[in-house]
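*Asks:* Per my numbering, residue 20 is the first one in the sequence shown, and the count goes up by one each step.
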Amino acid sequence: MFHSHSIKQFNYRHVLQRCFIGFDHKRYFLLCILLLCVIVLFHSNSNAFTTTDILENEDICSQLLQITLHSNRTLCSESADRRGKKQRIISLSIFGPKENSLFADDNFSQLITPLIHEATVLFPKWTIRLYADELTISRLNLQDLPRISKNIDICNVNQIPVLGDVDAYLSGKLWRFLPALDPTVEFVSSRDLDSPLTHREQIVIEEFINSPYLFLTMRDHPLHNVPVLGGLWTAALNRNRLLFLRLFSILLDRTRVQQYILKKDQNLLEELVWPKDMYALFPVNDQHEIVIPCPQQCRPKYHPDWTYC
Numbered sequence: 020m021f022h023s024h025s026i027k028q029f030n031y032r033h034v035l036q037r038c039f040i041g042f043d044h045k046r047y048f049l050l051c052i053l054l055l056c057v058i059v060l061f062h063s064n065s066n067a068f069t070t071t072d073i074l075e076n077e078d079i080c081s082q083l084l085q086i087t088l089h090s091n092r093t094l095c096s097e098s099a100d101r102r103g104k105k106q107r108i109i110s111l112s113i114f115g116p117k118e119n120s121l122f123a124d125d126n127f128s129q130l131i132t133p134l135i136h137e138a139t140v141l142f143p144k145w146t147i148r149l150y151a152d153e154l155t156i157s158r159l160n161l162q163d164l165p166r167i168s169k170n171i172d173i174c175n176v177n178q179i180p181v182l183g184d185v186d187a188y189l190s191g192k193l194w195r196f197l198p199a200l201d202p203t204v205e206f207v208s209s210r211d212l213d214s215p216l217t218h219r220e221q222i223v224i225e226e227f228i229n230s231p232y233l234f235l236t237m238r239d240h241p242l243h244n245v246p247v248l249g250g251l252w253t254a255a256l257n258r259n260r261l262l263f264l265r266l267f268s269i270l271l272d273r274t275r276v277q278q279y280i281l282k283k284d285q286n287l288l289e290e291l292v293w294p295k296d297m298y299a300l301f302p303v304n305d306q307h308e309i310v311i312p313c314p315q316q317c318r319p320k321y322h323p324d325w326t327y328c
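Laid out in structure tokens, this is it:
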């Protein structure tokens, strides 16, 4: 679903010099060249965060290099580090409750327990990451959850490895997107706390894992009428890691990412990874007026009965 446009010409020597600034060891220079040479191949979608935006920002370039150099560190915690490489992550942001009543004490406890159970049954090879600030971790006793399930990591956004305090500039809705930059993550699935994990979704994600595709977005209701829902997408980072580094580098830009405080996180996804519309599948014969029959070739191989888009 990604396509390329022509790359604008610019002074590569100047760019490399910019990236070299701030590093006191020349071995980083070779890594910088490699990273930049590959990044510029993926200049796509003029509405998205562009290659030039990355290269003109020394801080972003520096952080990308640090993430690459510390490839044994997760963008979560030391306990997550111990899980090693090729992690499969179900990622959630936990913030509020002023911003989101779901994260009030009573609501949270009623939602997190079923989610843990669903993940254990349907996605036993996946790890749940909960991104939250220190106050929320303490208020909701999130630090106790790993005792309930071995497949949970708590990520303190005030102390993210390599990146530091991302809460200082990053909207809570966007915390859950950080695994897209994580060198230890193979697949990441972004979720909403009130979005149950289902057997139908397990089937779709398993097909996606066994496919060559980079990005999966799902719509599970006729009124899901945005290109990419913030809590219903999955990315295969290992299939083109540098592309995802470029696409999600905006999460490192303290200035540019501010526009998404007022906008929805779904606007960011639309501008980053959605160059054209696709069909959305519904495995029910919903006769809602906004749905149309889905072409046979767009239906899942093992579910030709999923009739409507």
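For glycine and all other residues, C-beta sits at the position ideal for the given N, C-alpha and C.
Checking 8 Å against the spacing of the C-beta atoms, do L8 and L149 come in under that value?
*Replies:* Within the shown structure, residues of the chain are numbered from 20 to 328, placing residue 8 beyond reach of any answer.
*Asks:* Closest to N177 by CA distance: which of I156, I171 and K192 is it?
*Replies:* The option with the nearest alpha carbon to N177 is I156.
*Asks:* When you compare the CB positions of F206 and F267, do they come within less than 8 Å of one another, or not?
*Replies:* Taking the C-beta atoms as reference points, F267 is found no nearer than 8 Å to F206.
*Asks:* Per DSSP, L111 forms a beta bridge with which residues?
*Replies:* L149
*Asks:* According to DSSP, which residues form a beta bridge with V207?
*Replies:* I108 and A254
*Asks:* Does H89 come within less than 8 Å of chain C when only Cβ atoms are used?
*Replies:* Given the protein chain composition of this structure (a single chain), no chain C is represented.
*Asks:* May I ask you to report which of helix, strand or coil DSSP gives N91?
*Replies:* coil
*Asks:* Whose CA, out of I147, L193 and A254, lies closest to the CA of V276?
*Replies:* L193
*Asks:* Assuming contact is defined by CB atoms lying nearer than 8 Å, are L200 and I108 in contact in what I supplied?
*Replies:* no
*Asks:* Quick check on DSSP: helix, strand or coil for I167?
*Replies:* Here I167 sits in coil by DSSP.
*Asks:* Of the choices I167, N126, L291 and A151, whose alpha-carbon is the least far from that of I135?
*Replies:* I167
*Asks:* Please report the straight-line C-alpha distance between D152 and C174, rounded to a whole angstrom.
*Replies:* 8 Å
*Asks:* Let's test the definition: count the other Cβ atoms within 10 Å of the Cβ of S209 and tell me whether it reaches 16, buried, or not, exposed.
*Replies:* buried
*Asks:* What distance in whole Å lies between the Cβ atoms of G183 and F114, which are believed to be in contact at a cut-off of 8 Å?
*Replies:* With 8 Å as the limit, F114 and G183 do not qualify as a contact, their Cβ atoms being about 18 Å apart.
*Asks:* Any idea what DSSP makes of D324, helix, strand or coil?
*Replies:* The three-state reading of DSSP puts D324 in coil, since its state is none of H, G, I, E or B.
*Asks:* By DSSP's criteria, L288 is part of a beta bridge. Which residues make up the other side?
*Replies:* L288 pairs with nothing; no bridge assigned.
*Asks:* Using the three-state DSSP reduction, which class does N126 fall into: helix, strand or coil?
*Replies:* If DSSP states are grouped into helix, strand and coil, N126 belongs with the helices.
*Asks:* Out of L271, E226 and A255, point me to the one whose CA is closest to R318's CA.
*Replies:* With distances taken between Cα atoms, R318 lies closest to E226.
*Asks:* Can you give me the start and stop residues for the beta strand (DSSP E) that L235 sits inside?
*Replies:* F234 to T236
*Asks:* What number of angstroms, rounded off, separates the C-alpha of L111 from the C-alpha of P323?
*Replies:* 32 Å
*Asks:* For R265, count neighbouring C-beta atoms within 10 Å of its own C-beta (all shown protein chains included) and say buried if the count is 16 or more, exposed if not.
*Replies:* buried
*Asks:* How is the alpha helix (DSSP H) around K192 delimited, first residue to last?
*Replies:* G191 to W194
*Asks:* For L189, is the classification buried or exposed, using 16 other Cβ atoms within 10 angstroms of its Cβ as the cut-off for buried?
*Replies:* By the 10 Å Cβ count, L189 comes out buried.
*Asks:* At which residues does the alpha helix (DSSP H) containing A99 begin and terminate?
*Replies:* Counting along the chain, the unbroken alpha helix (DSSP H) around A99 starts and ends at E97 to D100.
*Asks:* From what residue to what residue does the alpha helix (DSSP H) around V223 run?
*Replies:* H218 to I228
*Asks:* Can you grab the Cα-Cα spacing for the pair M237 / P314, in whole Å?
*Replies:* 17 Å
*Asks:* Taking F142 and Q82 to be in contact with their CB atoms under 8 Å, please state how far apart those CB atoms are, rounded to whole angstroms.
*Replies:* That pair is no contact at about 30 Å.
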